[in-house]
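Student: One structure, as structure tokens, below. Some questions next.
There are 2 protein chains.
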Amino acid sequence: MAANVQDVFMLVGDSLTQGGWAPGDTGIGQRLAHAYARKLDVLNRGYSGYNTEWALPVVEQCIAQREDERAPKIRVLTLWFGANDACIKPSPQHVPLEKFEANIRKMINLVQSRSPDTRILLITAPPVNTHQRKADLESRDPPVPLDRLFETSKQYADAVRAIGEELGLGILWVACGEDEAAFSDFSPDGLHLNERGYEVLYDELIRVISDKYPEVHHDNLGFVFPPWKDIDWEHPERTFGTSKTV
Amino acid sequence: MAANVQDVFMLVGDSLTQGGWAPGDTGIGQRLAHAYARKLDVLNRGYSGYNTEWALPVVEQCIAQREDERAPKIRVLTLWFGANDACIKPSPQHVPLEKFEANIRKMINLVQSRSPDTRILLITAPPVNTHQRKADLESRDPPVPLDRLFETSKQYADAVRAIGEELGLGILWVACGEDEAAFSDFSPDGLHLNERGYEVLYDELIRVISDKYPEVHHDNLGFVFPPWKDIDWEHPERTFGTSKTV
């Protein structure tokens, strides 16, 4: 069994989260895992294709009941949904905007009620570049009709931002502006992020943490186990305590 | 609190392990986190500069006592030490070979006694390219004398391999051959690994898992939560169970 030695930075979302460790690009998960090494375990709770309706029971299982004192604390948690909820009908991933908003609020309530000290960051779904997305879908066999619209996806992003502002949470407004075409610099397919997209997101995430939750910025957290130069080399038991079983 | 939803792939070692998520290169940690996404949490338990003498009490704290049933299971664990123990005197990191061997055995005993189902993989310290290493150390301010020797480091790697063979564990014999100079293709500084080094290591790690412990190969582990196309879209409670609190 793995003992609880490090608290947790939990990334909850869809494929944009799940893909943050993909080789080749340096994604959001890799960057955070590096920055928080020996401080917090960065856990991937991204589920490709999931909308909030399906993710809600998953989130419920990922956050322990408060009485479970031996579980690691979730110091920071990102919620990054909307990219799939914003699919247009007849996509099975479509969730009506009001239902999406209600689901995001339920997730936030769930985290806050079970884990009140967790710093929550809401990340908005990126803009869709429908030209890229359409080309991608049309190249498939069989071709797939366009499933997302720029304006619709933006409504879902706006809704997340509004909830975050109302509740005073950290918000990451992803790479939007109003320019659909400009997103191609940050996306391989008009929907997901490439290395440059993740880099911008990471820098913004760290900036928001710095402003809003500086106590969990990686520079403000110490190593769980000390740097080797701080160990009492001849008497490591004075650094680590006396071993009981080894 | 983070609930226990995924078992664990734990990477235990020194800076070679800790650095496996560094941005720019695609390291061992990133590759494993991607391959095992939604299956196992890949935890970084790498401690830069640590030898086995200092790491032993850390390992003891990272492996839970068996009665802690709510902790995640460690399905796979890598032990990758020797690079620092093999430092030559008067380095404070030096650990005599016999002591190093005893410490590796203690770590293995600790894992096997507390977590008998954990698949253990021993990784040997890479060869040292003393030409690269010397140039690196001499460029520092103040310059540092050469602290590792090819032949000495090889003895520590040989010792790990011998222990692994004796105990029937998975072994990764890193990039050795007998050619010190050839290591420069896989290392930025004669001691650590570059992206190419981590790529070779990853491929070898997956090959050893495939041969020795196929039941924990990523292709043989299912997602903890199903792919979105397998969800009962209209009745997600039939997939995830009925929510009790949301």
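If you read the sequences in order, they're chains A and B. Number 224 in full-length UniProt numbering belongs to position 224 of the first sequence; there are no gaps in the numbering. Number 25 in full-length UniProt numbering belongs to position 25 of the second sequence; there are no gaps in the numbering. Positions of the beta carbon are idealized from the N, C-alpha and C atoms, including for glycine. Since the structure is predicted, the reported quantities are computational estimates derived from the model, not experimental observations.
(1) Contact criterion: CB-CB distance below 8 Å. Does glycine 29 of chain B meet it with respect to chain A?
(2) Under 8 Å, Cβ to Cβ, is there at least one residue of chain B near aspartate 189 of chain A?
(3) Could you tell me whether the Cβ atoms of leucine 169 of chain B and leucine 121 of chain B are closer together than 8 Å?
(4) According to the neighbour-count rule (16 or more other Cβ atoms, all chains shown, within 10 Å of its Cβ), is alanine 135 of chain B buried or exposed?
(5) What is the DSSP secondary structure of isoleucine 88 of chain B, counted as helix, strand or coil?
(6) In terms of residues, what are the limits of the beta strand (DSSP E) holding phenylalanine 150 of chain A?
(7) Who are the near neighbours of tyrosine 202 of chain B in its chain, counting only those whose CB is closer than 6 Å to its CB and skipping five residues on each side?
(8) Between valine 246 of chain B and chain A, is any beta-carbon pair separated by less than 8 Å?
(9) Under 8 Å by Cβ, that's how I've got proline 72 of chain A and methionine 1 of chain B pegged, so tell me the actual separation to the nearest angstrom.
(10) On the DSSP bridge assignment, give the partners of tryptophan 54 of chain A in chain order.
(11) Please list the terminal residues of the continuous alpha helix (DSSP H) segment that includes valine 111 of chain B.
(12) Give the straight-line distance between the Cα atoms of alanine 86 of chain A and aspartate 68 of chain A, rounded to the nearest whole angstrom.
(13) Listing by chain order, which chain B residues have their CB less than 8 Å from the CB of asparagine 4 of chain A?
(14) Excluding the five sequence neighbours on either side, which residues of its own chain have a C-beta within less than 6 Å of the C-beta of phenylalanine 240 of chain A, listed in chain order?
(15) Would you report the Cα separation of aspartate 25 of chain B and glutamate 195 of chain B, rounded to the nearest angstrom?
(16) With C-beta atoms as the reference, is arginine 75 of chain B less than 8 Å away from tyrosine 47 of chain A?
(17) Just mark lysine 154 of chain B as buried or exposed, buried being the case when its beta carbon has 16 or more other beta carbons within 10 Å.
(18) Skipping 5 residues on each side, what residues in its chain have a beta carbon closer than 7 Å to that of glutamine 132 of chain A?
(19) Measuring CA to CA, which of A/Leu43, A/Val12, A/Arg161, A/His217 is closest to threonine 124 of chain A?
(20) Please classify threonine 245 of chain B as buried or exposed, where buried requires at least 16 other C-beta atoms within 10 Å of its C-beta.
(21) Could you work out which residue in A/Leu40, A/Gly20, A/Glu53 is closest to residue 257 of chain B when comparing CA atoms only?
(22) Within the continuous alpha helix (DSSP H) that includes glutamate 117 of chain A, where are the two ends?
(23) List the residues of chain B that tryptophan 54 of chain A touches, going by C-beta distances under 7 Å, in chain order.
(24) Just curious, the alpha helix (DSSP H) that threonine 26 of chain A is in, first and last residue?
(25) Could you tell me if glutamate 60 of chain A is buried or exposed, where buried requires 16 or more neighbouring beta carbons within 10 angstroms of its beta carbon?
(26) Which term fits phenylalanine 223 of chain B, buried or exposed, when burial requires 16 or more other beta carbons within 10 angstroms of its beta carbon?
(27) Alpha helix (DSSP H) containing threonine 239 of chain B: first to last residue?
(28) If you measure from the beta carbon of glutamine 18 of chain A to each beta carbon in chain B, is any gap under 8 Å?
(29) On the CB-based measure, 16 or more other CB atoms within 10 Å of its CB, does asparagine 51 of chain B come out buried or exposed?
(30) Are the C-beta atoms of valine 58 of chain A and some chain B residue less than 8 Å apart?
(31) List the residues of chain A that tyrosine 213 of chain B touches, going by C-beta distances under 7 Å, in chain order.
(32) Please name the residue in A/Asp232, A/Gly197, A/Leu56 whose C-alpha comes closest to that of lysine 99 of chain A.
(33) Within the same chain, show all residues whose beta-carbon is closer than 8 Å to that of glutamate 165 of chain A, passing over the 5 residues directly before and after it, in chain order.
(34) Could you give the C-beta distance for leucine 79 of chain A and methionine 107 of chain A, rounded to a whole number, given that I count them as a contact under 8 Å?
(35) Which residues bound the alpha helix (DSSP H) around isoleucine 171 of chain A?
(36) Measure from the alpha carbon of arginine 114 of chain A to the alpha carbon of each residue in A/Trp21, A/His217, A/Ala33, A/Ile63, then state which is nearest.
Tutor: Concretely, from the data shown:
(1) yes
(2) no
(3) yes
(4) exposed
(5) coil
(6) First-last for phenylalanine 150 of chain A: 150-167, but that is the alpha helix (DSSP H), not the beta strand (DSSP E).
(7) Ile28, Arg31
(8) Residue confidence is low: valine 246 of chain B scores 46 on pLDDT, short of 50, so the model does not pin down where it sits. No coordinate-derived value is stated.
(9) Confirmed, Cβ separation roughly 7 Å.
(10) As computed with DSSP, tryptophan 54 of chain A is found in no beta bridge at all.
(11) 97-114
(12) 35 Å
(13) Ala64, Ala71
(14) none
(15) It is roughly 5 Å from the alpha-carbon of aspartate 25 of chain B to the alpha-carbon of glutamate 195 of chain B.
(16) Arginine 75 of chain B is not a Cβ neighbour of tyrosine 47 of chain A, given a cutoff of 8 Å.
(17) Classification for lysine 154 of chain B: buried.
(18) Ser184, Ser187, Asp189, Gly190
(19) A/Arg161
(20) Reliability of the predicted coordinates at threonine 245 of chain B is poor, the pLDDT of 49 falling under 50, and the value obtained from them is presented with this limitation in mind. Threonine 245 of chain B is exposed by the Cβ-count criterion.
(21) Since the first residue shown for chain B is 1 and the last is 246, residue 257 of chain B is missing from the structure and cannot be characterised.
(22) In the sequence on display, residue 117 of chain A carries aspartate and not glutamate. First-last for aspartate 117 of chain A: undefined, no H or E at that position.
(23) Trp228, Ile231, Pro236
(24) From DSSP, threonine 26 of chain A is part of no alpha helix (DSSP H); its letter is neither H nor E.
(25) buried
(26) Counting Cβ neighbours within 10 Å, phenylalanine 223 of chain B comes out exposed, since fewer than 16 surround it.
(27) From DSSP, the alpha helix (DSSP H) with threonine 239 of chain B extends over 236-240.
(28) Chain B, which has a Cβ nearer than 8 Å to the Cβ of glutamine 18 of chain A, makes this yes.
(29) Buried, because 16 or more other Cβ atoms sit within 10 Å of the Cβ of asparagine 51 of chain B.
(30) yes
(31) The contacting residues do not exist; tyrosine 213 of chain B stays about 18 Å from chain A at best.
(32) A/Leu56
(33) Hits under 8 Å: Ile171.
(34) 6 Å
(35) Where isoleucine 171 of chain A is concerned, there is no enclosing alpha helix (DSSP H), although the beta strand (DSSP E) it sits in stretches over 170-172.
(36) A/Ile63
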